[in-house]
Amino acid sequence: MSHLNNYVADILTPVWNLLTLSPFLTPIFQMDQNDLLAEERQGEVLDRPVDALHEGRKKIYVESYGCQMNFSDSEIVVSILEEKGFNTTPDYHLADVVLINTCAIRDNAEQRVRNRLQEFRAVKKKNPELVIGVLGCMAERLKAKLLEEEKLVDLVAGPDAYRTLPALLQEVESGRKAVNVILSTEETYDDITPVRLDSNGVTAFISIMRGCDNMCSFCVVPFTRGRERSRDPQTIVQEAKDLFAKGYREVTLLGQNVDSYLWAGGGPKKDIIKSGKDAINFAGLLEMVAKVNPDLRIRFSTSHPKDITEDVLHTMAAHENICNYIHLPVQSGNSRILEKMNRGYTREWYMDRVEMIRRIIPDIAISTDVICGFCSEEEADHQETLSMMEWAAFDFAYMFKYSERPGTLAERKYSDDVTESLKTKRLEQVIELQQRMSLESNEKDIGKVFRVLVEGVSKRSQEHLYGRNDQNKVMIFPKGNLVRGQYVHVRADRCTAATLMGEVVEHA
Numbered sequence: 007m008s009h010l011n012n013y014v015a016d017i018l019t020p021v022w023n024l025l026t027l028s029p030f031l032t033p034i035f036q037m038d039q040n041d042l043l044a045e046e047r048q049g050e051v052l053d054r055p056v057d058a059l060h061e062g063r064k065k066i067y068v069e070s071y072g073c074q075m076n077f078s079d080s081e082i083v084v085s086i087l088e089e090k091g092f093n094t095t096p097d098y099h100l101a102d103v104v105l106i107n108t109c110a111i112r113d114n115a116e117q118r119v120r121n122r123l124q125e126f127r128a129v130k131k132k133n134p135e136l137v138i139g140v141l142g143c144m145a146e147r148l149k150a151k152l153l154e155e156e157k158l159v160d161l162v163a164g165p166d167a168y169r170t171l172p173a174l175l176q177e178v179e180s181g182r183k184a185v186n187v188i189l190s191t192e193e194t195y196d197d198i199t200p201v202r203l204d205s206n207g208v209t210a211f212i213s214i215m216r217g218c219d220n221m222c223s224f225c226v227v228p229f230t231r232g233r234e235r236s237r238d239p240q241t242i243v244q245e246a247k248d249l250f251a252k253g254y255r256e257v258t259l260l261g262q263n264v265d266s267y268l269w270a271g272g273g274p275k276k277d278i279i280k281s282g283k284d285a286i287n288f289a290g291l292l293e294m295v296a297k298v299n300p301d302l303r304i305r306f307s308t309s310h311p312k313d314i315t316e317d318v319l320h321t322m323a324a325h326e327n328i329c330n331y332i333h334l335p336v337q338s339g340n341s342r343i344l345e346k347m348n349r350g351y352t353r354e355w356y357m358d359r360v361e362m363i364r365r366i367i368p369d370i371a372i373s374t375d376v377i378c379g380f381c382s383e384e385e386a387d388h389q390e391t392l393s394m395m396e397w398a399a400f401d402f403a404y405m406f407k408y409s410e411r412p413g414t415l416a417e418r419k420y421s422d423d424v425t426e427s428l429k430t431k432r433l434e435q436v437i438e439l440q441q442r443m444s445l446e447s448n449e450k451d452i453g454k455v456f457r458v459l460v461e462g463v464s465k466r467s468q469e470h471l472y473g474r475n476d477q478n479k480v481m482i483f484p485k486g487n488l489v490r491g492q493y494v495h496v497r498a499d500r501c502t503a504a505t506l507m508g509e510v511v512e513h514a
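The opening position of the sequence shown corresponds to residue 7 in the working numbering, with each subsequent residue numbered one higher.
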């Protein structure tokens, strides 16, 4: 167990999990660990082959940390800069511009970014013309330190400032430091087609909204990404159509809280509600995307327990191409702790939501987030979290120790009074329980046949492929003559806590 805990703490901790956005990364108990490493995407380089006709263009190196929203943003950044004459490179030693898209959710993530910036600065000493920039969630909070005090970067741009990157780069070229961390109430980048980098050509992410209004006490997102605003649904549908035409067969709709999606001509959600205008909600958007093509599979993340509605569930049940999987972060099983977290629901409310989901979609898979050792958490509170997990029988989960973040309500108002050793002990118990439940969940699938989208070659064996079923469980199966992007039926005949393995069969 200690080895597993080290794996979680060292590899998964930097992931953007405490924002209930974590399902964009594969949970440790869902996936074969060799394949898991490919999905982690911590410090992943966004790259594609350089066009021979454009070899003389300036080169950018982009490295991203955190949640899938960051990787989606990096694809927008590359799209903007390619329009201005840049190409990407996988080698930062060859780059004219190095950009690192950051995650500020946990201290571990920030330290990784700082260490990486020191490496880039060493390269800059040999190549003074190299421009180093920080993007994303660390931008606003640490702009002064990064630019002036520690002198680690030349450029800082927040999540809503990516359109200004060409101008910021020109400012740096003129000999000045450049910064834009202004948050917008309108920016959604809905007119920009993301450059699909490091893509398997089969699955893609579509950002449907930005920002968050929930103000959970442990979370910095409202301060680093601004308030909630939704994209024009027609641009989302068109993006899905374009992806399908290019051979993609699965899209995941991204948002801090997708159930809060609301569109009535643009602007913040609170203004739409005040106006009383007829609006398209998430259930409506989900149906619009599902109707693009029955062979385009739809996923989404993340749902907030206080906002998920029966309309969304009935829409899922009505369309076979909307996957039967929901990520529903519980964070804690104790109502007092949930109140301190400002989650907006109680233990009983959460249990009612789970019962509603399983009543409408009986064969659904549910995953969750769990925070261990939040402020003032006592042993009885922790035991309620364990009992909640066992009651809900989650298929998989993201589990982390609480990490205090500067500027949050919890940091200002509460004492981080649970010792590190006790947080670790409780996390180990949570992991042990979830590992058992994940194995039990997979064992129940032995003998069942699932429709699986072939996503690629297994990292463990070149003779096997992997893909996910409707419940978002990874399945490994023999390669045969199958190709990426094809739907196949696979009968599960063995499993681990992380993965289902089986054989391709004719659908019964």
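Glycine is no exception: its CB is placed at the ideal position from the N, C-alpha and C atoms. In this text, all values refer to a predicted model and were calculated from it rather than measured experimentally.
Between the Cα of Asn475 and the Cα atoms of Tyr420, Lys465 and Arg497, which residue gives the shortest distance?
Nearest option by C-alpha distance: Arg497.
Compare the Cα-Cα distances from Ser213 to each of Met144, Ser464 and Asn263 and report the closest residue.
Of Met144, Ser464 and Asn263, the residue nearest in Cα terms is Asn263.
Please state the DSSP three-state secondary structure of Ala296.
Ala296 falls in the helix class under three-state DSSP.
With the cut-off set at 9 Å, would you say Phe406 and Asp375 are in Cβ contact?
Their beta carbons are under 9 Å apart, which means Phe406 touches Asp375 by this criterion.
Could you tell me the alpha carbon to alpha carbon distance between Pro300 and Phe306, rounded to whole angstroms?
Rounded to the nearest angstrom, the two C-alpha atoms are 16 Å apart.
To the nearest angstrom, how far is the alpha carbon of Ile242 from that of Thr194?
Across the structure, Ile242 and Thr194 are spaced so that their CA atoms are roughly 11 Å apart.
Which whole-angstrom value is the C-beta distance of Pro412 and Arg147, which I expect to be below 8 Å?
Their Cβ separation, rounded to whole angstroms, is 7 Å, which keeps Pro412 and Arg147 in contact under 8 Å.
Out of Ile372, Glu410, Phe380 and Ser382, which has the shortest C-alpha to C-alpha gap to Glu396?
Of the candidates Ile372, Glu410, Phe380 and Ser382, the one whose C-alpha sits nearest the C-alpha of Glu396 is Ile372.
Alpha carbon of Tyr331 to alpha carbon of Phe483, nearest angstrom:
Using only the alpha carbons, I get a separation of about 21 Å.
Ser382 beta carbon less than 9 Å from that of Tyr515:
What is shown of the chain runs 7 to 514, which leaves residue 515 out entirely.
Which residue comes first and which comes last in the beta strand (DSSP E) that contains Glu69?
First-last of the beta strand (DSSP E) with Glu69: Lys64 to Ser70.
Checking 9 Å against the spacing of the C-beta atoms, do Leu136 and Asp102 come in under that value?
Closer than 9 Å, so yes.
Confirm, please, whether the CB-CB distance from Thr209 to Thr170 is below 9 Å.
Cβ distance not < 9 Å, so Thr170 and Thr209 don't count as in contact.
Beta-carbon spacing of Ile367, Ala416 below 9 Å
Against a cut-off of 9 Å, the Cβ pair of Ala416 and Ile367 comes out as no contact.
Looking only at its own chain, which residues have a Cβ that is under 8 Å from the Cβ of Val463, when we skip the five neighbours before and after it?
Excluding five sequence positions before and after Val463, the CB atoms of its chain that fall closer than 8 Å to its own CB belong to His470, Leu471, Tyr472 and Lys485, given in chain order.
Classify Asn40 as helix, strand or coil using the three-state DSSP reduction.
Only weak support is given to the placement of Asn40: the predicted model assigns it a pLDDT of 31, under 50, and the value that follows is read from those uncertain coordinates. Three-state DSSP puts Asn40 in a helix.
Just curious, the alpha helix (DSSP H) that Met322 is in, first and last residue?
Looking at the DSSP string, the run of the alpha helix (DSSP H) that includes Met322 is Glu316 to Ala324.
Val140 and Leu105 closer than 9 Å at C-beta:
Taking 9 Å as the cut-off, the beta carbon of Val140 is found closer than this to the beta carbon of Leu105.
Going by the beta-carbon positions, is the gap between Tyr86 and Ile198 smaller than 9 Å?
Inspection of the sequence shows that residue 86 is occupied by Ile rather than by Tyr. Taking the C-beta atoms as reference points, Ile198 is found nearer than 9 Å to Ile86.
Should the region 161 to 169 be called in touch with the region 116 to 136, which here means at least 3 C-beta pairs below 8 Å?
Pairwise C-beta distances place the region 161 to 169 out of contact with the region 116 to 136, as fewer than three of them are shorter than 8 Å.
Tell me which same chain residues have a C-beta within less than 8 Å of the C-beta of Asp38, skipping the five on either side of it?
For Asp38, the predicted structure reports a pLDDT of 34, less than 50, and the residue's modelled location is therefore unreliable. A value from the coordinates is still provided. Spatial neighbours of Asp38 in its own chain (CB-CB distance under 8 Å, excluding positions within 5 residues in sequence) are listed in chain order as Ser464, Lys465, Arg466, Tyr472, Val480, Ile482, Thr502, Ala504 and Thr505.
Pro311 by DSSP, collapsed to three states: which one?
The answer is coil: DSSP assigns Pro311 none of H, G, I, E or B.
Bridge partner(s) assigned by DSSP for Tyr331:
Here Tyr331 is bridged, per DSSP, to Ala371.
Excluding the 5 residues preceding and the 5 following Lys346 in the sequence, name in chain order all residues of the same chain whose CB lies nearer than 8 Å to its CB.
Closer than 8 Å at Cβ, skipping near neighbours: Ser223, Phe380, Cys381, Ser382, Ala416 and Tyr420.
Between His325 and the rest of its own chain, which residues show a CB-CB distance below 6 Å, the 5 nearest in sequence each way excluded?
Excluding residues up to 5 positions away in sequence, Ala296 lie with their Cβ nearer than 6 Å to the Cβ of His325 in the same chain.
Between the alpha carbons of Phe30 and Gly72, how many angstroms are there, rounded?
Annotation note: pLDDT 34 at Phe30 (below 50); position unreliable, coordinate value reported separately. One alpha carbon belongs to Phe30, the other to Gly72, and they sit about 10 Å apart.
Can Leu520 and Val178 be called in contact, C-beta distance under 9 Å?
Not covered by the structure: residue 520. The range shown for the chain is 7 to 514.
Cβ shell of Val185 (< 6 Å), same chain only, five flanking positions each side left out:
Non-local beta-carbon contacts of Val185 in its own chain, meaning distances under 6 Å to residues more than five positions away in sequence, involve Lys149 and Val162 in chain order.
Report the partner residues of Leu161 according to the DSSP bridge assignment.
Note: Leu161 sits in a beta bridge opposite Gly139 and Ala184.
Rounded to whole angstroms, what is the Cα-Cα separation between Asn327 and Val360?
Between Asn327 and Val360, the C-alpha separation is close to 22 Å.
If I'm right that Ser341 touches Ile377 with Cβ under 8 Å, what's the distance once you round it to whole angstroms?
Incorrect: roughly 15 Å between the Cβ atoms, too far for contact.
Buried or exposed: where does His333 fall if 16 or more other Cβ atoms within 10 Å of its Cβ makes it buried?
Only buried fits His333, as 16 or more other CB atoms lie within 10 angstroms of its CB.
Per DSSP, cross-strand counterpart(s) of Leu459:
Its beta-bridge partners are Arg474 and Tyr493.
With distances taken from CA atoms, which of Gln389, Ile314, Arg418 and Thr95 is nearest Glu4?
The chain is shown from 7 up to 514; residue 4 falls before or after that span and cannot be answered.
Would Asp284 be called buried (16 or more neighbouring beta carbons within 10 Å of its own) or exposed?
So Asp284 counts as exposed.
Mind reading off the beta-carbon distance from Asn107 to Ser80? Whole number of angstroms is fine, and I expect it under 8 Å.
Between Ser80 and Asn107 the Cβ distance is about 5 Å, and since that is below 8 Å, they are a contact.
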